[in-house]
Amino acid sequence: MTPETPGVLTGDTPSLSKEHHMSISLGRVAVTSLATVALLAPTLPAEAIIGGAPDRGEHPYVGQLLFYVPAAVDSRFDDPGGWFNCTGTLIDADTVVTAGHCTYAVGFEGAAPADPLLGGTDVWFSVEEEPDYSMLAPSSTYVPDRNEERYDDWSAALDASPTWHETESTFTHPEYVDAAFLLHDLGVLELSEPVVLPEYGSLPEADYLDRYAGKDRQRGLFESVGYGLEDSGPKFGLGGDTRRKADRRLVSLKGAYGYRDIAVMFSHRGSGTTGGTCFGDSGGPTFDITTSQIADDNIIVAVTSFGLNYNCNASGSYRIDQPDDLAFLEDPAGAYGS
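Here the sequence shown stands for residues 1 to 338, where the numbers follow the UniProt record's numbering.
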(Lines of atoms letter the chains of each structure in order from A; the text may use other names.)
(Lines give C-alpha, C1' and ligand atoms only; values in the text may rest on other atoms or scores of the structure.)
Protein backbone atom coordinates (compact mmCIF):
# COMPACT_ATOMS: atom_id res chain seq x y z
CA MET A 1 0.00 0.00 0.00
CA THR A 2 1.44 3.34 -1.00
CA PRO A 3 0.18 6.45 0.77
CA GLU A 4 -0.41 9.67 -1.13
CA THR A 5 0.56 11.49 2.02
CA PRO A 6 3.13 14.00 3.25
CA GLY A 7 6.05 15.35 1.67
CA VAL A 8 7.38 14.38 -1.72
CA LEU A 9 6.26 15.93 -5.00
CA THR A 10 3.65 17.94 -3.11
CA GLY A 11 3.43 20.52 -5.87
CA ASP A 12 3.03 17.99 -8.65
CA THR A 13 0.01 16.23 -10.00
CA PRO A 14 -0.73 13.28 -7.72
CA SER A 15 1.23 10.36 -9.11
CA LEU A 16 0.35 8.58 -5.94
CA SER A 17 2.94 5.82 -5.80
CA LYS A 18 5.62 8.49 -5.75
CA GLU A 19 4.39 10.51 -2.77
CA HIS A 20 5.90 9.70 0.62
CA HIS A 21 5.60 5.97 0.33
CA MET A 22 7.29 5.37 3.68
CA SER A 23 4.97 6.88 6.30
CA ILE A 24 2.38 4.13 6.60
CA SER A 25 5.12 1.54 6.92
CA LEU A 26 6.60 3.24 9.95
CA GLY A 27 3.28 2.88 11.69
CA ARG A 28 3.43 -0.89 11.31
CA VAL A 29 6.99 -1.69 12.28
CA ALA A 30 6.01 -4.75 14.34
CA VAL A 31 3.23 -7.27 14.54
CA THR A 32 2.47 -8.18 18.13
CA SER A 33 3.58 -11.81 18.13
CA LEU A 34 6.78 -11.04 16.25
CA ALA A 35 8.00 -8.05 18.22
CA THR A 36 11.46 -9.40 18.97
CA VAL A 37 12.27 -10.22 15.37
CA ALA A 38 10.58 -7.06 14.14
CA LEU A 39 12.98 -4.92 16.15
CA LEU A 40 15.72 -6.22 13.90
CA ALA A 41 13.77 -6.58 10.67
CA PRO A 42 10.67 -4.37 10.48
CA THR A 43 7.70 -5.75 8.58
CA LEU A 44 6.42 -3.14 6.16
CA PRO A 45 3.11 -3.45 4.34
CA ALA A 46 2.87 -2.34 0.73
CA GLU A 47 5.06 -3.45 -2.11
CA ALA A 48 6.14 -2.60 -6.35
CA ILE A 49 7.99 -4.34 -9.13
CA ILE A 50 11.79 -4.05 -8.88
CA GLY A 51 13.48 -4.80 -12.19
CA GLY A 52 11.23 -6.90 -14.37
CA ALA A 53 9.64 -5.44 -17.49
CA PRO A 54 6.57 -3.51 -18.66
CA ASP A 55 3.48 -5.71 -18.73
CA ARG A 56 2.54 -4.73 -22.31
CA GLY A 57 -1.00 -6.06 -22.07
CA GLU A 58 -0.13 -9.51 -20.74
CA HIS A 59 -2.29 -9.13 -17.61
CA PRO A 60 -5.21 -6.82 -18.52
CA TYR A 61 -7.18 -8.05 -15.49
CA VAL A 62 -4.59 -6.70 -13.03
CA GLY A 63 -5.28 -3.12 -11.98
CA GLN A 64 -4.41 -0.35 -9.56
CA LEU A 65 -6.47 0.63 -6.51
CA LEU A 66 -6.80 4.21 -5.28
CA PHE A 67 -8.56 4.42 -1.93
CA TYR A 68 -9.37 6.76 0.94
CA VAL A 69 -8.96 5.98 4.65
CA PRO A 70 -10.76 8.58 6.82
CA ALA A 71 -8.71 7.84 9.95
CA ALA A 72 -5.30 8.03 8.26
CA VAL A 73 -3.15 10.98 9.28
CA ASP A 74 -1.68 13.26 6.63
CA SER A 75 0.62 15.67 8.48
CA ARG A 76 0.09 18.40 5.91
CA PHE A 77 -3.55 18.74 6.95
CA ASP A 78 -5.30 19.86 10.12
CA ASP A 79 -7.79 16.99 9.96
CA PRO A 80 -7.38 13.26 9.20
CA GLY A 81 -7.93 11.50 5.90
CA GLY A 82 -5.39 9.94 3.52
CA TRP A 83 -5.26 8.41 0.05
CA PHE A 84 -3.37 5.23 -0.85
CA ASN A 85 -2.52 2.89 -3.72
CA CYS A 86 -2.46 -0.90 -4.02
CA THR A 87 -2.68 -3.49 -6.79
CA GLY A 88 -5.44 -6.05 -7.32
CA THR A 89 -6.69 -8.75 -9.71
CA LEU A 90 -10.10 -9.24 -11.27
CA ILE A 91 -11.21 -12.87 -10.84
CA ASP A 92 -14.50 -12.12 -12.59
CA ALA A 93 -16.13 -9.03 -14.04
CA ASP A 94 -16.84 -7.33 -10.70
CA THR A 95 -14.64 -9.03 -8.07
CA VAL A 96 -11.10 -7.88 -7.27
CA VAL A 97 -8.69 -9.83 -5.05
CA THR A 98 -6.13 -7.75 -3.15
CA ALA A 99 -4.39 -7.58 0.24
CA GLY A 100 -6.31 -7.15 3.48
CA HIS A 101 -4.36 -4.05 4.46
CA CYS A 102 -5.63 -2.49 1.21
CA THR A 103 -9.30 -2.89 2.21
CA TYR A 104 -9.16 -2.40 5.98
CA ALA A 105 -10.82 0.79 7.33
CA VAL A 106 -11.57 2.14 3.85
CA GLY A 107 -14.09 4.97 3.97
CA PHE A 108 -17.83 4.78 3.34
CA GLU A 109 -18.72 7.88 1.32
CA GLY A 110 -15.98 9.80 3.10
CA ALA A 111 -16.81 8.62 6.63
CA ALA A 112 -15.34 5.85 8.74
CA PRO A 113 -17.19 2.56 8.16
CA ALA A 114 -19.27 1.05 10.95
CA ASP A 115 -17.00 -2.01 10.77
CA PRO A 116 -13.43 -1.50 9.47
CA LEU A 117 -13.44 -5.04 8.04
CA LEU A 118 -16.18 -4.46 5.48
CA GLY A 119 -18.52 -2.04 3.75
CA GLY A 120 -16.09 0.53 2.40
CA THR A 121 -16.98 2.34 -0.83
CA ASP A 122 -14.09 4.79 -1.19
CA VAL A 123 -12.03 2.61 -3.53
CA TRP A 124 -11.57 3.08 -7.25
CA PHE A 125 -9.99 0.51 -9.58
CA SER A 126 -8.31 1.03 -12.96
CA VAL A 127 -7.02 -1.65 -15.34
CA GLU A 128 -5.14 0.87 -17.49
CA GLU A 129 -1.42 0.08 -17.82
CA GLU A 130 -0.78 3.69 -16.81
CA PRO A 131 -3.79 4.88 -14.80
CA ASP A 132 -5.00 8.42 -15.43
CA TYR A 133 -4.60 10.87 -12.54
CA SER A 134 -4.89 14.03 -14.63
CA MET A 135 -8.36 14.83 -13.28
CA LEU A 136 -7.11 15.14 -9.69
CA ALA A 137 -5.88 18.49 -8.40
CA PRO A 138 -2.55 18.35 -6.53
CA SER A 139 -2.84 17.80 -2.79
CA SER A 140 -0.75 20.91 -2.21
CA THR A 141 -3.65 23.07 -3.39
CA TYR A 142 -5.73 21.87 -0.41
CA VAL A 143 -3.15 22.26 2.37
CA PRO A 144 -3.65 22.77 5.31
CA ASP A 145 -7.37 23.01 6.08
CA ARG A 146 -9.21 21.75 2.97
CA ASN A 147 -8.76 18.01 3.32
CA GLU A 148 -12.51 17.40 3.29
CA GLU A 149 -12.76 19.44 0.10
CA ARG A 150 -9.97 17.32 -1.40
CA TYR A 151 -12.03 14.21 -0.73
CA ASP A 152 -15.14 15.77 -2.27
CA ASP A 153 -13.28 16.90 -5.40
CA TRP A 154 -11.28 13.72 -5.91
CA SER A 155 -14.16 11.32 -5.30
CA ALA A 156 -16.39 13.26 -7.71
CA ALA A 157 -13.66 13.31 -10.37
CA LEU A 158 -13.00 9.58 -9.98
CA ASP A 159 -16.73 8.79 -10.12
CA ALA A 160 -16.94 10.70 -13.40
CA SER A 161 -13.84 9.09 -14.93
CA PRO A 162 -14.40 6.50 -17.67
CA THR A 163 -11.29 4.53 -16.61
CA TRP A 164 -11.73 4.40 -12.84
CA HIS A 165 -14.35 1.91 -11.61
CA GLU A 166 -16.30 2.51 -8.41
CA THR A 167 -16.54 -0.01 -5.58
CA GLU A 168 -19.85 -1.11 -4.11
CA SER A 169 -18.29 -2.70 -1.03
CA THR A 170 -14.99 -3.90 0.43
CA PHE A 171 -14.47 -7.11 2.41
CA THR A 172 -11.41 -7.96 4.51
CA HIS A 173 -10.63 -11.48 5.73
CA PRO A 174 -12.78 -11.96 8.88
CA GLU A 175 -9.71 -12.90 10.96
CA TYR A 176 -7.64 -9.92 9.80
CA VAL A 177 -6.08 -7.85 12.59
CA ASP A 178 -4.35 -4.67 11.49
CA ALA A 179 -1.61 -4.92 14.13
CA ALA A 180 -0.71 -8.37 12.75
CA PHE A 181 -1.68 -7.74 9.14
CA LEU A 182 0.47 -10.42 7.52
CA LEU A 183 -1.40 -13.29 9.24
CA HIS A 184 -4.64 -12.89 7.23
CA ASP A 185 -3.66 -10.31 4.61
CA LEU A 186 -6.49 -10.82 2.13
CA GLY A 187 -9.22 -8.50 0.86
CA VAL A 188 -11.89 -8.25 -1.84
CA LEU A 189 -13.56 -5.42 -3.74
CA GLU A 190 -17.01 -5.85 -5.21
CA LEU A 191 -17.27 -3.31 -8.03
CA SER A 192 -20.44 -1.34 -8.74
CA GLU A 193 -20.35 -2.17 -12.46
CA PRO A 194 -18.74 -5.09 -14.33
CA VAL A 195 -15.42 -4.74 -16.15
CA VAL A 196 -15.90 -7.02 -19.14
CA LEU A 197 -12.66 -8.65 -20.30
CA PRO A 198 -11.86 -11.78 -22.34
CA GLU A 199 -10.14 -13.41 -19.34
CA TYR A 200 -9.57 -12.99 -15.62
CA GLY A 201 -7.33 -14.29 -12.87
CA SER A 202 -8.30 -17.60 -11.26
CA LEU A 203 -8.14 -19.02 -7.75
CA PRO A 204 -5.88 -21.96 -6.85
CA GLU A 205 -6.92 -25.34 -5.51
CA ALA A 206 -6.58 -25.86 -1.76
CA ASP A 207 -2.92 -26.25 -0.69
CA TYR A 208 -1.83 -25.57 -4.28
CA LEU A 209 1.66 -24.34 -3.39
CA ASP A 210 2.49 -27.50 -1.45
CA ARG A 211 3.30 -29.18 -4.77
CA TYR A 212 6.47 -27.06 -4.75
CA ALA A 213 7.58 -28.06 -1.25
CA GLY A 214 10.98 -29.53 -0.49
CA LYS A 215 13.08 -30.59 -3.46
CA ASP A 216 10.34 -29.53 -5.88
CA ARG A 217 10.83 -25.89 -4.94
CA GLN A 218 13.27 -25.09 -7.74
CA ARG A 219 11.11 -26.44 -10.54
CA GLY A 220 8.43 -23.79 -10.01
CA LEU A 221 8.46 -20.49 -11.91
CA PHE A 222 6.23 -17.59 -10.87
CA GLU A 223 5.38 -14.10 -12.07
CA SER A 224 4.46 -11.11 -9.90
CA VAL A 225 2.56 -8.14 -11.32
CA GLY A 226 2.06 -4.69 -9.82
CA TYR A 227 2.08 -0.91 -10.09
CA GLY A 228 4.70 -0.15 -7.46
CA LEU A 229 8.07 1.53 -7.39
CA GLU A 230 10.91 0.29 -9.56
CA ASP A 231 13.54 1.16 -6.97
CA SER A 232 13.51 2.39 -3.39
CA GLY A 233 15.69 3.41 -0.47
CA PRO A 234 15.30 5.19 2.88
CA LYS A 235 15.15 8.60 1.18
CA PHE A 236 14.08 7.96 -2.41
CA GLY A 237 11.66 6.11 -4.65
CA LEU A 238 11.70 5.71 -8.43
CA GLY A 239 8.99 4.78 -10.91
CA GLY A 240 5.55 3.50 -10.08
CA ASP A 241 1.98 3.85 -11.37
CA THR A 242 2.74 1.63 -14.37
CA ARG A 243 1.86 -2.07 -14.59
CA ARG A 244 5.00 -4.21 -14.60
CA LYS A 245 5.83 -7.90 -14.23
CA ALA A 246 8.76 -9.95 -12.93
CA ASP A 247 9.64 -13.66 -13.09
CA ARG A 248 10.52 -15.19 -9.70
CA ARG A 249 11.44 -18.45 -7.97
CA LEU A 250 10.02 -19.82 -4.75
CA VAL A 251 12.44 -19.31 -1.87
CA SER A 252 10.48 -20.56 1.12
CA LEU A 253 6.98 -21.70 2.04
CA LYS A 254 7.67 -20.60 5.63
CA GLY A 255 7.76 -16.90 4.86
CA ALA A 256 9.89 -14.39 6.73
CA TYR A 257 9.15 -15.62 10.23
CA GLY A 258 8.63 -19.36 9.78
CA TYR A 259 4.85 -19.12 9.52
CA ARG A 260 4.08 -21.94 7.13
CA ASP A 261 0.72 -21.78 5.32
CA ILE A 262 0.65 -17.98 5.70
CA ALA A 263 3.57 -16.03 4.26
CA VAL A 264 5.66 -17.20 1.34
CA MET A 265 8.93 -15.77 0.05
CA PHE A 266 9.83 -15.40 -3.63
CA SER A 267 13.18 -14.44 -5.14
CA HIS A 268 14.31 -11.01 -6.20
CA ARG A 269 16.77 -10.19 -8.98
CA GLY A 270 19.34 -12.81 -9.94
CA SER A 271 19.49 -16.59 -10.23
CA GLY A 272 17.73 -16.60 -13.57
CA THR A 273 14.83 -14.40 -12.43
CA THR A 274 14.04 -10.84 -13.46
CA GLY A 275 12.94 -8.92 -10.37
CA GLY A 276 10.85 -8.62 -7.22
CA THR A 277 8.27 -6.42 -5.50
CA CYS A 278 8.36 -3.04 -3.75
CA PHE A 279 6.12 -0.26 -2.36
CA GLY A 280 2.86 0.01 -4.31
CA ASP A 281 2.58 -3.68 -5.32
CA SER A 282 0.64 -4.65 -2.19
CA GLY A 283 -2.28 -6.87 -3.10
CA GLY A 284 -0.84 -7.63 -6.51
CA PRO A 285 -0.86 -11.21 -7.77
CA THR A 286 1.87 -13.79 -8.11
CA PHE A 287 0.92 -16.30 -10.81
CA ASP A 288 2.20 -19.82 -11.40
CA ILE A 289 3.87 -19.86 -14.84
CA THR A 290 5.87 -23.09 -14.42
CA THR A 291 4.64 -24.38 -17.79
CA SER A 292 2.82 -22.65 -20.63
CA GLN A 293 -0.28 -24.71 -19.90
CA ILE A 294 -0.29 -23.68 -16.25
CA ALA A 295 0.39 -20.06 -17.20
CA ASP A 296 -2.69 -20.03 -19.44
CA ASP A 297 -4.87 -20.70 -16.38
CA ASN A 298 -3.89 -17.38 -14.70
CA ILE A 299 -3.66 -19.07 -11.28
CA ILE A 300 -3.03 -16.63 -8.43
CA VAL A 301 -0.98 -18.39 -5.75
CA ALA A 302 -0.33 -15.38 -3.50
CA VAL A 303 -0.80 -11.63 -3.10
CA THR A 304 2.06 -9.27 -2.30
CA SER A 305 1.95 -8.47 1.41
CA PHE A 306 5.04 -7.06 3.14
CA GLY A 307 8.67 -5.98 2.90
CA LEU A 308 11.54 -6.39 5.33
CA ASN A 309 13.39 -3.18 4.49
CA TYR A 310 13.12 0.07 2.53
CA ASN A 311 15.41 -1.14 -0.26
CA CYS A 312 12.84 -3.63 -1.57
CA ASN A 313 15.31 -6.51 -1.73
CA ALA A 314 13.37 -8.79 0.64
CA SER A 315 9.60 -9.10 0.61
CA GLY A 316 6.88 -11.61 1.34
CA SER A 317 3.53 -12.60 -0.09
CA TYR A 318 0.38 -14.00 1.48
CA ARG A 319 -0.56 -17.39 0.05
CA ILE A 320 -4.27 -17.59 -0.80
CA ASP A 321 -4.57 -21.37 -1.21
CA GLN A 322 -5.58 -22.22 2.36
CA PRO A 323 -9.14 -23.47 2.99
CA ASP A 324 -10.20 -20.44 5.06
CA ASP A 325 -8.90 -18.06 2.39
CA LEU A 326 -10.63 -19.87 -0.45
CA ALA A 327 -13.91 -20.02 1.48
CA PHE A 328 -13.70 -16.27 2.05
CA LEU A 329 -12.84 -15.52 -1.59
CA GLU A 330 -15.67 -17.67 -2.91
CA ASP A 331 -18.27 -15.83 -0.78
CA PRO A 332 -16.92 -12.66 0.89
CA ALA A 333 -20.34 -11.43 2.02
CA GLY A 334 -21.25 -14.88 3.30
CA ALA A 335 -18.19 -14.82 5.55
CA TYR A 336 -20.00 -12.07 7.45
CA GLY A 337 -23.39 -13.77 7.41
CA SER A 338 -24.84 -11.69 4.58
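Where a beta carbon is used, it is the ideal one built from N, C-alpha and C, also for glycine.
Where does Gln322 land, buried or exposed, given buried means 16+ other C-beta within 10 angstroms?
By the 10 Å Cβ count, Gln322 comes out buried.
For my contact list, Ser315 and Val303 are in at a C-beta cut-off of 8 Å; report their separation, rounded to the angstrom.
Not really, about 12 Å apart at Cβ, beyond 8 Å.
To the nearest angstrom, report how far apart Pro131 and Thr163 are at their CA atoms.
Taking the straight line joining both Cα atoms gives about 8 Å.
Does DSSP put Phe306 in a helix, a strand or coil?
The answer is strand: DSSP assigns Phe306 an E or B state.
Decide if the segment 127 to 144 is in contact with the segment 105 to 115; the criterion is three or more beta carbon pairs, one per stretch, under 8 Å apart.
Contact fails: fewer than three Cβ-Cβ distances are below 8 Å.
How is Thr121 classed by DSSP in three states: helix, strand or coil?
In the structure shown, Thr121 sits in coil (DSSP, three-state: anything other than H, G, I, E or B).
Pairs of beta-carbons, one from the segment 188 to 200 and one from the segment 208 to 225, closer than 8 Å: are there three or more?
Cβ pair count under 8 Å is below three, so no.
Would you mind reading off the limits of the beta strand (DSSP E) that contains Ser315?
Note, Ser315: beta strand (DSSP E), 315 to 319.
Roughly how many angstroms separate the alpha carbons of Tyr104 and Asp281, rounded to a whole number?
Each residue's Cα considered, the two are about 16 Å apart.
Judging by CA-CA distance, which residue of Asp55, Ser192, Pro174, Phe181 is the nearest neighbour of Asp325?
Ranking the options by Cα distance to Asp325, first place goes to Pro174.
Quick one: which unbroken beta strand (DSSP E) runs of 3-plus residues sit fully inside the segment 53 to 89? Chain order, please.
Runs found: 62 to 69.
Per DSSP, what kind of secondary structure is Asp145 in: helix, strand or coil?
Note: Asp145 maps to coil in three-state DSSP.
So Trp83 and Leu66 are supposed to be a Cβ contact under 8 Å. How far apart are they, rounded?
Yes, they are in contact, since the Cβ atoms of Trp83 and Leu66 sit about 7 Å apart, within 8 Å.
Expressed to the nearest angstrom, what Euclidean distance is found between the alpha-carbon atoms of Pro194 and Pro285?
Their backbone Cα atoms lie some 20 Å apart in a straight line.
Drop a sphere of 10 angstroms on the beta-carbon of Gly100, count the other beta-carbons inside from all chains shown, and report buried for 16 or more, exposed for fewer.
The residue in question, Gly100, is buried, as its Cβ has 16 or more Cβ neighbours within 10 Å.
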